[in-house]
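Colleague:
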Amino acid sequence: MAINGFYNCTPPRFGPLCQYSLDIYQSDDLTLNEMIHDYYLHEYQLTTLTCYIHLECDRGSISLCLDWSEICDGIVDCRNGIDEEPCWQLNINQCEDNEYRCENGQCIDKIFFDDDSNVFECLDRSDEKLPYRHTFIDINSEPTFSKEDIKCSNRNMLILVKMTSSCVQHRTGLIEKLMFTDKPQNISNDCWLAILCQWNTKILSALICDDISSDGNFTEIINQTCPDMLYMPSSPVLFGHIYFLYTKEDMLEPNLYIPEPRYLCYNDQLCSGFYLNRTLFTFNNATCRRPEDFPLQFPLNGFNRGAWNSRYALRLFTQLHQCNAVNYNEPLRCNTLDVYKCLNSSKCISKNLLCNGINDCDYKDDEQCSSIDHLCLNSELYHLTRCTTKDYCISPALVNNGICDCGFNEYNLCDEEDTSERDTGKYISFPTICDRFTELIPVEIGERYETDETECEHWICNNSYTRCNEFWNCLDGADEVDCDPSPPLPCPLHHHICISPKTYQLMCLPFKQANDGNIDCLGATDEPQLCRSDDFPGIHANIYYSDIDNFFRQRNIDTERQPMMISFSLGKMNNSIKTNTTTIRLPLPINQGIIHQQQQRCHRGLLLRVWLDYEKNLTTETCLCPPSFYGNMCQYQNQRISLTLKFQTYADSRQILFAIVVLLIDDSDDRLIHSHQQFSYLYIRDCDIKFNMYLLYLTRPKDEKKNYSIHIDVYEKMSLTYRRSFLIPIQFSFLPVHRVAVQLNIPRTTDTIERCVNHHCIHGQCIKYSDHRNGTTFCRCNQG
Numbered sequence: 005m006a007i008n009g010f011y012n013c014t015p016p017r018f019g020p021l022c023q024y025s026l027d028i029y030q031s032d033d034l035t036l037n038e039m040i041h042d043y044y045l046h047e048y049q050l051t052t053l054t055c056y057i058h059l060e061c062d063r064g065s066i067s068l069c070l071d072w073s074e075i076c077d078g079i080v081d082c083r084n085g086i087d088e089e090p091c092w093q094l095n096i097n098q099c100e101d102n103e104y105r106c107e108n109g110q111c112i113d114k115i116f117f118d119d120d121s122n123v124f125e126c127l128d129r130s131d132e133k134l135p136y137r138h139t140f141i142d143i144n145s146e147p148t149f150s151k152e153d154i155k156c157s158n159r160n161m162l163i164l165v166k167m168t169s170s171c172v173q174h175r176t177g178l179i180e181k182l183m184f185t186d187k188p189q190n191i192s193n194d195c196w197l198a199i200l201c202q203w204n205t206k207i208l209s210a211l212i213c214d215d216i217s218s219d220g221n222f223t224e225i226i227n228q229t230c231p232d233m234l235y236m237p238s239s240p241v242l243f244g245h246i247y248f249l250y251t252k253e254d255m256l257e258p259n260l261y262i263p264e265p266r267y268l269c270y271n272d273q274l275c276s277g278f279y280l281n282r283t284l285f286t287f288n289n290a291t292c293r294r295p296e297d298f299p300l301q302f303p304l305n306g307f308n309r310g311a312w313n314s315r316y317a318l319r320l321f322t323q324l325h326q327c328n329a330v331n332y333n334e335p336l337r338c339n340t341l342d343v344y345k346c347l348n349s350s351k352c353i354s355k356n357l358l359c360n361g362i363n364d365c366d367y368k369d370d371e372q373c374s375s376i377d378h379l380c381l382n383s384e385l386y387h388l389t390r391c392t393t394k395d396y397c398i399s400p401a402l403v404n405n406g407i408c409d410c411g412f413n414e415y416n417l418c419d420e421e422d423t424s425e426r427d428t429g430k431y432i433s434f435p436t437i438c439d440r441f442t443e444l445i446p447v448e449i450g451e452r453y454e455t456d457e458t459e460c461e462h463w464i465c466n467n468s469y470t471r472c473n474e475f476w477n478c479l480d481g482a483d484e485v486d487c488d489p490s491p492p493l494p495c496p497l498h499h500h501i502c503i504s505p506k507t508y509q510l511m512c513l514p515f516k517q518a519n520d521g522n523i524d525c526l527g528a529t530d531e532p533q534l535c536r537s538d539d540f541p542g543i544h545a546n547i548y549y550s551d552i553d554n555f556f557r558q559r560n561i562d563t564e565r566q567p568m569m570i571s572f573s574l575g576k577m578n579n580s581i582k583t584n585t586t587t588i589r590l591p592l593p594i595n596q597g598i599i600h601q602q603q604q605r606c607h608r609g610l611l612l613r614v615w616l617d618y619e620k621n622l623t624t625e626t627c628l629c630p631p632s633f634y635g636n637m638c639q640y641q642n643q644r645i646s647l648t649l650k651f652q653t654y655a656d657s658r659q660i661l662f663a664i665v666v667l668l669i670d671d672s673d674d675r676l677i678h679s680h681q682q683f684s685y686l687y688i689r690d691c692d693i694k695f696n697m698y699l700l701y702l703t704r705p706k707d708e709k710k711n712y713s714i715h716i717d718v719y720e721k722m723s724l725t726y727r728r729s730f731l732i733p734i735q736f737s738f739l740p741v742h743r744v745a746v747q748l749n750i751p752r753t754t755d756t757i758e759r760c761v762n763h764h765c766i767h768g769q770c771i772k773y774s775d776h777r778n779g780t781t782f783c784r785c786n787q788g
């Protein structure tokens, strides 16, 4: 019998030969997983860019590179438009009836729509209702789907346009800095540095500027070394072809910030619709005109001295969006049912861009959305949402975006935001009548105003709808006594459990002492009328707070709120005060300098120390990269598939443990397996679980001439009985990151496996994939 040995590593060493360690090691009491978790709690602050290098993108600067999120984000970043060129296929993509269509055209199973506001199945995050204030993401956790495989698109940020669709906040600032440090080849170093110092850009240190001119006067250097006109920055500011042009007069003027450009230069083949009969000239093969000749308005001097992009790029984005060359003039793409043809132009745009508050057509006809306009008169044809408070139509993308685009009605309720709350004042469910909350908008009847809470004197508050619903519908709480089969404190019948304001301990209170005008419980929870108003509340006013909330939160006790909508369930509820015992492990402090140093060395990866010779203390460093990155510094962004799976089973299989095998395959004759994952599934344990996994390609970059699919086999784990196989085709091979979210139904045990005839299956059986619409088949090989 063979003898197998193993190494018992002493912390902080780990690995099969104890040859690895992490410099973030803090304590022998922490596991490796806990150390990694604590490390990623610190915000990611990059000082160099991570790049997607599998698309040859010319951004007009050797210092700038493309982020994967900038491909098919609706904004041209490359000067040749290659980052948006194939994306029209996404714009016209249609989903199945059981799928939800993301704003970017991606399709996911409907079960994933609006299911978790912290986890996104759409790359553009449109499957969850996110107000504009949640546009940015603080990346201070492990590099998982929810942080890495999402976009913070410019189209959702009209209040603050970034220079990227990456959700890494510091990337925009770093891009701006690199744009101004990248000097054109035909400009001398002295000229470029003098301008940056003259304009007080903060890009250069004061020491550098002092070396150039000790007295802070850069006029002579600019006069002698700079041309009469130059682009600043040297790369396009927006849309891959718009530049800022400054004259020497502008360069000589000292400023506290970068001044307004004297001219804007652009490719006149990509946008028009501006003022005619204005003085135009050509500079470096671009058409140039003054900002006021577009017209374009920048903030007045002395106002809005914020970041450079918020002063200028934001205005370009909103006022010159028709110059975004994502919209093409090719007849093949314009002659489809899913596009809108701009007036007086050969340009066409996706119908999904209509009435979204951004001009895409040269003459702005895509935003003429009043009820008398062509678009709104044909709202169903163009998939628009009609406002009820005003004669206007909006894009469905603006519904529930956290901004009231249609306006407020007479009750201060937003027309298109959160339908359930908006309709609360008009429609109520039967159990909400006489529940002590005024939810129906007052209606004048016989010279008096009636609501759902008038003439309730004879209404029984303790009834089948209110009994044990975890809320006091009776003022003395009679409908909530004796509901808890396992109370946290044993009390006599007809008693409430509350917290004593004297001892801060749980106590028993006879329900007849509730609502008697005397405060017996902490926060006056026994006197609900002290915190009430009978007026119609409007949105969210059903929620009220008291000092007791602080007590509950400090002790991890759930406090119940009156629900906005009440169902007609007659079943009893759980206990009204629920105590949760949770062990919280506070992370040990890590030296911030070490964290920052390692972030610059490995970006979103981990710095790993490899011991070459322990006795001689010889080590080397390398980076452990997450699946989303690669490179010796984890500086390159990986092509990948991020897969989310949920499963459903029939009653006859809910006690069976399944083995799930996931394969990423290509369409070659060998059906080459690129990567694989395996896990188990048990319905009673995993019915609500999302299984998240990365699938990577064998080659880098992937072969775009091949088609890829996800092949999934399901076995009964104990008996290894084969149950079924599923196939998920991967569409749109030009995308760097594919986000796939699917729920699969495991067939019944009695369902027969559909077989087929294929003479090429020499050593196996021809099997049809389960639920595949095209009847796709494969050869399931025999063992051996």
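The working numbering runs 4 ahead of the 1-based position in the sequence shown.
Think of the CB as a built atom: it goes at the ideal place given N, C-alpha and C, for glycine as much as any other residue.
This structure is a prediction, so every number in the text was calculated from the model and none was measured.
The alpha helix (DSSP H) that contains H41, what's its start and end?
Modeller: Here the alpha helix (DSSP H) through H41 covers 36 to 43.
Colleague: Ordered along the chain, which non-local residues of its own chain (more than five positions away) have a Cβ less than 7 Å from that of L379?
Modeller: Only L358, C359, Q372, C373, Y386, L388, C397 meet the Cβ criterion.
Colleague: Using the rule of at least 16 other Cβ atoms within 10 Å of the residue's Cβ for burial, across every protein chain shown, is Y267 buried or exposed?
Modeller: Answer is buried; the Cβ neighbour count reaches 16.
Colleague: From Q323, I688, L234, pick the residue whose C-alpha is nearest to that of A290; which is it?
Modeller: Answer by Cα proximity: L234.
Colleague: Enumerate in chain order the residues of its own chain whose CB-to-CB distance from T229 is below 8 Å, with the five nearest sequence positions on each side excluded.
Modeller: Only S192, D194, C195, A198 meet the Cβ criterion.
Colleague: Could you tell me the distance, in whole angstroms, from the CA atom of E224 to the CA atom of E107?
Modeller: So the two alpha carbons sit approximately 53 Å from each other.
Colleague: Considering only the alpha carbon of each residue, which of D77, D81, L526, P263 lies closest to S130?
Modeller: When only C-alpha atoms are compared, the closest one is D77.
Colleague: Please report the distance separating the alpha-carbon of C69 from that of C61.
Modeller: So the alpha carbons of these two residues sit roughly 7 Å apart.
Colleague: Excluding the 5 residues preceding and the 5 following V123 in the sequence, name in chain order all residues of the same chain whose CB lies nearer than 6 Å to its CB.
Modeller: Within the same chain, V123 has close Cβ partners S150.
Colleague: Closest by CA to I660, which one among I688, D674, I677?
Modeller: Ranking the options by Cα distance to I660, first place goes to I688.
Colleague: Just the Cα atoms here: how many angstroms apart are P494 and R105?
Modeller: Their Cα atoms are separated by approximately 53 Å.
Colleague: Look at S713 and I732 and say whether their C-beta atoms are less than 8 Å apart.
Modeller: In this structure, I732 lies closer than 8 Å to S713 by Cβ.
Colleague: Give the secondary structure of H181 by DSSP, where H, G and I count as helix, E and B as strand, and everything else as coil.
Modeller: Note on residue identity: the sequence assigns Lys, not His, to residue 181. Residue state, collapsed to three classes: helix.
Colleague: According to DSSP, simplified to helix, strand and coil, what is M233?
Modeller: The answer is strand: DSSP assigns M233 an E or B state.
Colleague: With three or more beta-carbon pairs closer than 8 Å as the criterion, would you say the region 662 to 682 touches the region 607 to 617?
Modeller: No contact exists between the region 662 to 682 and the region 607 to 617.
Colleague: If you draw a straight line from the C-alpha of I262 to the C-alpha of G220, how long is it?
Modeller: Their Cα atoms are separated by approximately 17 Å.
Colleague: Give the DSSP-derived three-state secondary structure of K650 in the structure shown.
Modeller: The answer is strand: DSSP assigns K650 an E or B state.
Colleague: If you follow the alpha helix (DSSP H) that H378 is part of, which residue opens it and which one closes it?
Modeller: Segment 378 to 381, the alpha helix (DSSP H) holding H378.
Colleague: Taking the straight line between their C-alpha atoms, what separation do you get for H58 and K706?
Modeller: Approximately 9 Å, taken between the alpha carbons.
Colleague: Can you tell me whether F248 is buried or exposed? The criterion is at least 16 other CB atoms within 10 Å of its CB, across all chains shown.
Modeller: F248 is buried by the Cβ-count criterion.
Colleague: Have a look at the DSSP bridge pairing and note the partners of Q747.
Modeller: K650.
Colleague: Taking only the alpha-carbon atoms, compute the straight-line gap between L686 and Y11 and give it to the nearest angstrom.
Modeller: Spanning the two alpha carbons is a distance of roughly 35 Å.
Colleague: Quick check on G109: buried or exposed, where buried means 16 or more other Cβ atoms within 10 Å of its Cβ?
Modeller: Label assigned to G109: buried.
Colleague: When DSSP builds the beta bridges, which residues end up paired with F695?
Modeller: According to DSSP, which records beta bridges pairwise, F695 is partnered with L649.
Colleague: Among the residues of its own chain, which have a CB less than 7 Å from the CB of Q4, if the five just before and after it don't count?
Modeller: Nothing can be reported for residue 4: it is not among the residues displayed for the chain, which extend from 5 to 788.
Colleague: Under 8 Å between C-beta atoms, does E180 make it to chain D?
Modeller: Among the chains in the structure shown there is no chain D, since it carries only a single protein chain.
Colleague: Going by Cα to Cα distance, which pick from D690, Y654, N711 is closest to I669?
Modeller: Minimum Cα distance to I669 is reached at N711.
Colleague: Could you have a look at Y773 and say whether DSSP puts it in helix, strand or coil?
Modeller: Y773 falls in the coil class under three-state DSSP.
Colleague: Pull up the distance between the alpha-carbon of F782 and that of C765, whole angstroms please.
Modeller: Straight-line Cα distance between these residues: approximately 8 Å.
Colleague: Would you report the Cα separation of D395 and K368, rounded to the nearest angstrom?
Modeller: Whole-angstrom Cα-Cα distance: 19 Å.
Colleague: Classify L402 as buried or exposed, calling it buried when 16 or more other Cβ atoms lie within 10 Å of its own Cβ.
Modeller: Label assigned to L402: buried.
Colleague: Whose C-beta lies closer than 6 Å to the C-beta of N363 among residues of the same chain, with five residues either side of it excluded?
Modeller: For N363, where only same-chain residues beyond five positions count, the Cβ hits under 6 Å are H325, Q326, E371.
Colleague: Between the Cα of M255 and those of Y279, D272, F222, N281, spot the shortest distance and give me the residue it belongs to.
Modeller: Comparing Cα-Cα distances from M255 to each of Y279, D272, F222, N281, the minimum goes to F222.
Colleague: May I ask which residues mark the beginning and end of the beta strand (DSSP E) holding L668?
Modeller: Counting along the chain, the beta strand (DSSP E) containing L668 begins and ends at 661 to 670.
Colleague: Who are I734's beta bridge partners in DSSP?
Modeller: Per DSSP, Y712.
Colleague: Grab me the residues of N348's own chain with a C-beta within less than 7 Å of its C-beta, minus the 5 sequence neighbours each way, in chain order.
Modeller: Within the same chain, N348 has close Cβ partners Y367.
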